[in-house]
Structure formats: structure tokens, C-alpha cells
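Have a look at the structure below before the remarks.
2 protein chains.
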Amino acid sequence: MATPLPGLPSRGSHSGQPIMALFDLLGRRWTMRLLWELRSGPKSFRALQKACGGVSPSVMNTRLKELRASLLVENQNEGYVLTSLGDHLMKTLDPLRDWSRDWAAVLDEGG
Amino acid sequence: MATPLPGLPSRGSHSGQPIMALFDLLGRRWTMRLLWELRSGPKSFRALQKACGGVSPSVMNTRLKELRASLLVENQNEGYVLTSLGDHLMKTLDPLRDWSRDWAAVLDEGG
DNA sequence: AATGAGCGCTACTATAATCGAAGCATCTAA
DNA sequence: TTAGATGCTTCGATTATAGTAGCGCTCATT
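Chains as they are written, first to last, in numbering that gives the first Met the number 0: chain E, 0 to 110; chain D, 0 to 110.
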């Protein structure tokens, strides 16, 4: 499956709109989790794997390739790291944590 | 596949952390796109399907069920609508559009 | 009352993504 | 030279998604 990038058609959209490519990318399994785990600093392939509860290395490697092609992650001496672009993305996503706490609260009321 | 909700283990995490449930939910195919298409107002099942370029109704219905269970979307007379919770989520995601434009620019430089 | 168009949705088979386990090649330290 | 860690690859089995067809319903028109 091709890495979704701005300007190219992505899963669920042929517009090439950057936001759609982003949704495609982030929507693949483990992508968000990988980025999430890298927020706290560099991690080796296996450390990352452990942190994600033992994902299969095949899928993880596929995701890491995509993330490298997207310039969100790179592989340095210390291990896999967020690029500044990736770091910025994660910061942009920060408000989601607050939102998801509210979400949990609302679901608790109803359930 | 069970609907990911805060407090329950989700794909890629057993912590039950709201943010992980959110990532699981949003990470499934077409979920983001569906929410995206509903931003502009209520849409019937079939209108939504058309807007998404003809997704298979089976997957779409699965996603819609999940989104209803998550209280992000509901089905009213006018059709499917974002709840206030879902609307707020989409607004929280707004900065992503800006980010993804920057992202596209950076990728253009490199490529 | 029949026709047709729209609705939400289900059933089914086929394909594609993901899982899970095993293992390879390389490097470093003992 | 062995033991451990590294980044991966391969492969068979499982699960999710795609794609097509069509059901049962309602409503407006004829």
C-alpha cells in the first residue's frame, strides 16, 4: 500500500488534499501509537515494539517506512525519533487529550 | 470488532486511556472522512456514501454504528449529523489543516 | 392500487491488510 | 566464540475492508 502524501490520491479521497493524506496516514494501524510513544524521546525498533505491547515487526516496519517517507520520523544513532515536523504534529494534536477526557466524562454520564 | 471507548482496552493499548480509544476509533477506515463530510451539515446515509466516493455500505454502516455508540454522530430526521461532541472534536482538529499545509510545503521542497 | 424513487441497511464473496511466530544478518561486549 | 542486542524479512493464518446485489420500508405521483 502506497504511502499517502499530499498531492497524491489517498484512501478515501482522490483530491490530493494534504489533510486527506494526513488522515490516511494517521488512520493506519499503529501509526498514532508509534508517534505517541516517540513523543517521550528516541526509541530503538525493539523498544518501540515493546512499548506498543508487542506489535508484529512486519506491520511496525511498514508504518515506520511510511513515517520516514512522510518526514515525520527518522532513524538516527539513538534510534527512531520524531522529526521537528513530527514533533510539531504531535503538539498540534495536544488539545485532543483534553477533548478526549471530556468525551470520557460524557460517555460515563450516559452509561 | 468492538467499538473502542474510553475505559476499555483498545487496539494497540490496554490502558483504557481516552486518547488511545480515540486514536483507535479515528484510525479505522473512513471514520475521519465520514466526520469530515458531516462537518458541512446533515447528510443521509446515501448522500454520505456518495460524498465519500462510493464506500461500501457495509463498512460505512459499521463506522456509523461505532460513531453513534461514541456519541459523535446521531441519526435524526434530516439524516446523519455530528453531535455537539462530534462538532467540538472536529473543531479541535481544525489546526491540523494548517499543519498539513506546512507539511505539504516541506515535502515539496524535499521532493 | 400500482409504480417508482428514495431511504437505512444486510448478505454475500473476494481481496487486502494485519497478526504472530520464527529467524537472518550485523554489530558490540565479555 | 559466545551471548546479547540491533534492524529487519518471510510466511501462513486470521481479520478487516471492498464491492455488488438486494430487502423492507416510506412517501409521492399516477
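Virtual Cβ for every residue (Gly too), placed ideally from N, Cα, C.
Looking at C-alpha atoms only, which residue of the options is the closest neighbour of residue i?
{"i": "T61/E", "options": "K90/E, T30/E, D107/E and S99/E", "result": "T30/E"}
{"i": "A103/E", "options": "R96/D, A104/D, L88/D and D97/D", "result": "L88/D"}
{"i": "L21/E", "options": "L25/D, M19/D, S14/D and G52/D", "result": "L25/D"}
{"i": "D86/E", "options": "L7/E, P17/E, D107/E and L70/E", "result": "L70/E"}
{"i": "Q16/E", "options": "G109/D, D97/D and E108/D", "result": "D97/D"}
{"i": "V105/E", "options": "M19/D, P5/D and S9/D", "result": "P5/D"}
{"i": "I111/E", "options": "D101/D, D107/D, G109/D and S83/D", "result": "Coverage of chain E is limited to positions 0 through 110, which leaves residue 111/E absent and any answer about it impossible."}
{"i": "V58/D", "options": "L92/D, E108/D and R27/D", "result": "R27/D"}
{"i": "E77/D", "options": "R45/D, S9/D, T2/D and K49/D", "result": "R45/D"}
{"i": "P41/E", "options": "P3/E, E73/E and P8/E", "result": "E73/E"}
{"i": "D23/D", "options": "A50/D, P3/D, S99/D and G53/D", "result": "P3/D"}
{"i": "A50/E", "options": "S12/D, V54/D and S43/D", "result": "S12/D"}
{"i": "D107/D", "options": "L7/E, P94/E and S55/E", "result": "L7/E"}
{"i": "Q75/E", "options": "S43/E, R10/E and M0/E", "result": "S43/E"}
{"i": "G53/E", "options": "M0/D, R10/D, G109/D and T91/D", "result": "R10/D"}
Is there at least one Cβ from chain E nearer than 9 Å to residue i's Cβ?
{"i": "M19/D", "result": "yes"}
{"i": "D86/D", "result": "no"}
{"i": "P3/D", "result": "no"}
{"i": "L106/D", "result": "yes"}
Can you tell me whether residue i is helix, strand or coil according to DSSP?
{"i": "Q48/D", "result": "helix"}
{"i": "G78/E", "result": "strand"}
{"i": "S83/E", "result": "helix"}
{"i": "S9/D", "result": "strand"}
{"i": "V54/E", "result": "coil"}
Answer yes or no: does any C-beta atom of chain D fall closer than 9 Å to that of residue i?
{"i": "A103/E", "result": "yes"}
(request) Spell out a yes or no on whether the stretch 26–40 of chain D and the stretch 62–79 of chain D are touching, meaning 3 or more CB-CB pairs, one atom from each, closer than 8 Å. (result) At 8 Å Cβ cutoff, the stretches touch.
(request) Give, in chain order, every residue of the stretch 53–79 of chain D whose Cβ lies closer than 8 Å to some Cβ of chain E. (result) V54, S69 and L70
(request) Please name the residues in the stretch 26–45 of chain E whose beta-carbon is closer than 8 Å to at least one beta-carbon of chain D, in chain order. (result) G26, R27, R28, W29, T30, M31, R32 and W35
(message) If the cut-off is 7 Å on Cβ atoms, which residues from the stretch 89–101 of chain E count as contacting chain D, listed in chain order?
(response) T91, P94, L95, R96, W98, S99 and R100
(request) Count the CB pairs spanning the stretch 34–53 of chain D and the stretch 69–84 of chain D that are closer than 8 Å, and state whether there are at least three. (result) Yes: the two stretches touch, three or more of their Cβ pairs being nearer than 8 Å.
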